[in-house]
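With our numbering applied, the sequence shown has no gaps in its numbers, which climb one by one up to 302 at the end. Backbone N, C-alpha and C define an ideal beta-carbon position, used for all residues, glycine too.
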Amino acid sequence: MSFFSSTEQRRLYLAGILMAGLGSILFSGKAILIKLAYSYGTEPETLLALRMIFALPLFWALYYWQARSKPMSPISILDTLKVCGLGFLGYFLSSYLDFLGLQYISVGLERIILYLTPTLVLLISFFVFKKRISRIQWLALITGYLGVTLVFIQDVAILGSEAWLGMALVFASACAYAAYMIGSGEMVRRIGSVRLVVFASSASAVCSIIQILFYDPSAIFNQVPEIYGLSLINASICTVIPMTMIVVAINRIGSPLVAQAGIVGPIATIFMGWLVLSETVSLLQLGGMAIVIAAMWLLVKNDPTDKAVLAKSTEVDGR
């Protein structure tokens, strides 16, 4: 009996690691799809609206699937309004800034900057909430930003001054998402991660639709078929499906291991950029990526609270 239990536990562990790693890779594919869509001449506002329109029914299907397996208690109007505000900050604003930034920088640099989100959570907590940062955490922070600088040097060499604008926009996206993570901590405990994601995503979809109505309502209907195909893939395979995989993985193996398995995301993004978009992969970029991943590993390895932060950033990364 004990042998069977051990075998079953190992099977669940391996399945959880596989789902966490694959989910991280699928999340990273979002940047590739956006870059491909830009080659057809479409705008960030249109891409964001289409992505959220396609994702919205999928998110609610996930919600009803979760509700059937685990009954959910009602939430107050005040909590609903708070979740809508978090959705604007963490899913709409953060995603929009990310989409804008991808016009100017490589997908590898974009993913590495976003991978630093847990360090931004630490910095916000330090300056705003006066939370202490240990020496190990400071070392991880400094090392991580050094790695990003190395990758950024390559983008500047290839793209010129536009790389500065792109990095600033994606970094602002990471800051907005870090603020969302801090604000969502209490809400996750009260209403659950799946319901938070679904409600926040719904609020983001409404914001995206309002934005495109002001920007160019006809843009939703006059795109080439490839744009609709890429947006559907982005909404399903690169957003809702990996989010579901990460949630299941966390339930099976826990947040710390999911966070550590997430290191494959930046690696996959750089090589997908090289394979699909013909982006340059240099030793400098690989070195910078290795430094960033080492810094995040150091962060998640030495502070259990940050393990949860990093895992949560992977779980609900809708940017």
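Limits of the unbroken alpha helix (DSSP H) element including residue i
{"i": "residue 234", "result": "224 to 236"}
{"i": "residue 206", "result": "Counting along the chain, residue 206 falls outside any alpha helix (DSSP H), and DSSP gives it neither H nor E."}
{"i": "residue 254", "result": "247 to 260"}
{"i": "residue 138", "result": "118 to 142"}
{"i": "residue 178", "result": "176 to 198"}
{"i": "residue 42", "result": "27 to 52"}
{"i": "residue 221", "result": "No alpha helix (DSSP H) contains residue 221, which DSSP labels as neither H nor E."}
{"i": "residue 101", "result": "100 to 112"}
{"i": "residue 78", "result": "77 to 84"}
{"i": "residue 72", "result": "It is not in any alpha helix (DSSP H) - residue 72 carries neither H nor E in the DSSP assignment."}
Rounded separation between residue i and residue j - CA only
{"i": "residue 244", "j": "residue 65", "result": "31 Å"}
{"i": "residue 189", "j": "residue 148", "result": "27 Å"}
{"i": "residue 156", "j": "residue 88", "result": "14 Å"}
{"i": "residue -5", "j": "residue 143", "result": "47 Å"}
{"i": "residue 168", "j": "residue 280", "result": "22 Å"}
{"i": "residue -1", "j": "residue 104", "result": "26 Å"}
{"i": "residue 137", "j": "residue -10", "result": "47 Å"}
{"i": "residue 83", "j": "residue 27", "result": "6 Å"}
{"i": "residue 67", "j": "residue 236", "result": "30 Å"}
{"i": "residue 294", "j": "residue 241", "result": "Residue placement at residue 294 is poorly supported in this model, since its pLDDT is 47, which falls under 50; the coordinates still yield a value, given next. Those two C-alpha atoms are separated by around 6 Å."}
{"i": "residue 216", "j": "residue 199", "result": "23 Å"}
Residue environment, residue i, which counts as buried when at least 16 other CB atoms sit within 10 Å
{"i": "residue 124", "result": "buried"}
{"i": "residue 94", "result": "buried"}
{"i": "residue 178", "result": "buried"}
Cβ-based neighbour list, residue i, same chain, cut-off 8 Å, excluding 5 preceding and 5 following
{"i": "residue 247", "result": "4, 7, 8"}
{"i": "residue 220", "result": "9, 12"}
{"i": "residue 162", "result": "72, 73, 107"}
Cβ neighbours of residue i in the same chain (closer than 6 Å, five flanking residues each side left out)
{"i": "residue 102", "result": "124, 127"}
*asked:* With three or more C-beta pairs closer than 8 Å as the rule, is the region 123 to 140 touching the region 30 to 42?
replied: no
_the region 49 to 68 in contact with the region 169 to 182 per 3-pair CB rule at 8 Å_ = yes
*If you pair each beta-carbon of the region 102 to 112 with each one of the region 41 to 50, do three or more pairs fall below 8 Å?*
no
*Examine the Cβ distances between the region 212 to 226 and the region 1 to 18 and report whether three or more of them are shorter than 8 Å.*
yes
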